[in-house]
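Enquirer: All residue numbers for the sequence shown refer to the UniProt record's numbering, where the first residue is 1 and numbers rise by one.
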Amino acid sequence: MQTLAAVATGLFCAASWLNGNTGRDPQQPGTVIWFTGLPGCGKSSICDFVLSMLRDKGFDPVLLRMDDRRKQYFPRPEYTREEREKAYGLFAREAVEYARQGRLVLMDATAPRLEMRKRVRDRVPVFAEIHIYCTLDTAMHRERSRPGGQVMAELYDKALERKKTGRDFPGLGMVIGVDQEFEVDPEAEMTLENDHLSLQEAGQKVSNFILENILCK
């Protein structure tokens with residue numbers, strides 16, 4: 001099921017703020033689209049789908065992905081609560097700075113606290129939150145099949161074992177959905193239920209929403 005908050009609140013369009021195939025107009029403010037949801041919900045894959053679609057349409061988006069940016073902010077990340085707060089502050093600042101240059105920005109990050117996302121929403125003229133929703137069971141199933149790399153493999157299982165037994169897993173910070181609740185924004189511009197959709201189906205739904213209601217291109 002797809003929930004479109006913009007239908008109730010009034011649709012907005014930023015197409016006139018984008019210039020040609022550069023995605024930038026120095027005379028106009030930019031647009032920020034934040035993909036959020038539990039780890040394993042599919043937001044990064046859907047964000048990549050949308051990124052490719054936008055490039056095919058002639059846009060030149062800036063992609064900010066927390067898994068990448070965190071290691072730029074903290075070359076040896078410890079994933080503490082304090083570090084997470086600092087990382088999201090820097091992440092928000094980057095997005096706002098790009099938006100002020102007139103850029104189209106895609107943000108890919110869980111941002112478990114609503115206030116983290118509001119740091120950007122309240123500072124840019126055009127903002128959309130795309131909440132990719134799935135149940136915790138679905139997220140856990142997907143995470144089990146994720147290879148190690150930027151994100152620790154089987155992080156949900158390890159977080160649950162740590163919570164149950166106290167066992168330490170070096171490099172495993174607080175896991176959203178186990179150690180900390182994800183705060184839902186009831187006013188998110190789009191909420192997509194992604195338990196059973198294919199990537200093509202989910203990506204197309206989000207792409208259509210963005211083109212028709214945010215960029216109007």
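Here a beta-carbon is modelled for each residue, glycine too, at the ideal position from N, C-alpha and C.
(1) So, under 8 Å CB-CB, P61 and L106 are touching, yes? Tell me the CB distance rounded to an integer number of Å.
(2) Excluding the five sequence neighbours on either side, which residues of its own chain have a C-beta within less than 6 Å of the C-beta of A92, listed in chain order?
(3) Any idea if S52 is buried or exposed, counting beta-carbon neighbours within 10 angstroms, 16 or more meaning buried?
(4) How many angstroms separate the CA atom of Q27 from the CA atom of G102?
(5) Can you check DSSP and say which residues form a bridge with L64?
(6) Going by the DSSP bridge assignment, what does T36 pair with across the sheet?
(7) Can you tell which of P77, M174, Y79, F49 has its C-alpha closest to the C-alpha of Q200?
(8) Are E129 and A188 close, meaning C-beta to C-beta below 7 Å?
(9) Give a yes or no on whether the C-beta atoms belonging to F169 and P112 are separated by under 7 Å.
(10) Tell me, which residues are paired with E193 by DSSP?
(11) L114 to K205, Cα distance in whole Å?
(12) With D108 and S44 assumed to form a contact (beta carbons below 8 Å), what rounded beta-carbon distance in angstroms separates them?
(13) Quick one: grab the DSSP three-state call for T31.
(14) Going by DSSP, which residues form a beta bridge with residue 230?
(15) Nearest to F46 by alpha carbon, out of E82, L211, N194, E212?
(16) Among N208, E143, V96, G173, which residue has its Cα nearest to the Cα of V126?
Expert: In terms of the structure at hand:
(1) Taking the sequence shown and counting its residues from 1, one reaches residue 61 at position 61. Taking the sequence shown and counting its residues from 1, one reaches residue 106 at position 106. Yes, they are in contact, since the Cβ atoms of P61 and L106 sit about 5 Å apart, within 8 Å.
(2) For the purposes of this step, residue 92 is identified with residue 92 of the sequence shown, where counting begins at 1. Excluding positions up to five away in sequence, the list reads R119, V120.
(3) Indexing the sequence shown from 1 puts residue 52 at position 52. By the 10 Å Cβ count, S52 comes out exposed.
(4) Numbered from 1 along the sequence shown, position 27 holds the residue referred to as residue 27. Numbered from 1 along the sequence shown, position 102 holds the residue referred to as residue 102. Caution is warranted here: a pLDDT of 41 is assigned to Q27, below 50, making its placement in the model unreliable, and no coordinate value can be reported.
(5) Against the sequence shown, residue 64 aligns to sequence position 64. Note: L64 sits in a beta bridge opposite M107.
(6) Start at 1 with the first residue of the sequence shown, and residue 36 comes out as number 36. DSSP, once it has assigned bridges, lists H131 as partnering T36.
(7) Indexing the sequence shown from 1 puts residue 200 at position 200. Closest by alpha carbon: F49.
(8) Sequence index remark: in the sequence shown, residue 129 carries index 129 (1-based). Sequence index remark: in the sequence shown, residue 188 carries index 188 (1-based). Taking 7 Å as the Cβ cut-off, E129 and A188 qualify as a contacting pair.
(9) As a working mapping, residue 169 is identified with position 169 in the sequence shown. As a working mapping, residue 112 is identified with position 112 in the sequence shown. Cβ distance not < 7 Å, so F169 and P112 don't count as in contact.
(10) On the sequence shown, residue 193 is found 193 positions in, with the first residue counted as 1. The partner list for E193 (beta bridge, DSSP) reads Y133.
(11) Locating residue 114 in the sequence shown gives position 114, counting from the first residue. Locating residue 205 in the sequence shown gives position 205, counting from the first residue. Their Cα atoms are separated by approximately 24 Å.
(12) Working through the sequence shown from its first residue, we reach residue 108 at position 108. Working through the sequence shown from its first residue, we reach residue 44 at position 44. The Cβ separation is near 5 Å, so the contact holds.
(13) Locating residue 31 in the sequence shown gives position 31, where the first residue counts as 1. Strand, per DSSP.
(14) No information on residue 230 is available, as it lies outside the stretch 1 to 217 that the chain covers here.
(15) Counting from 1 along the sequence shown, the entry for residue 46 is found at position 46. It is worth fixing the name first, because residue 46 is Ile in this sequence and not Phe. Checked all of E82, L211, N194, E212; the closest Cα to I46 is N194.
(16) Taking the sequence shown and counting its residues from 1, the one referred to as residue 126 is at position 126. The candidate whose alpha carbon is nearest that of V126 is V96.
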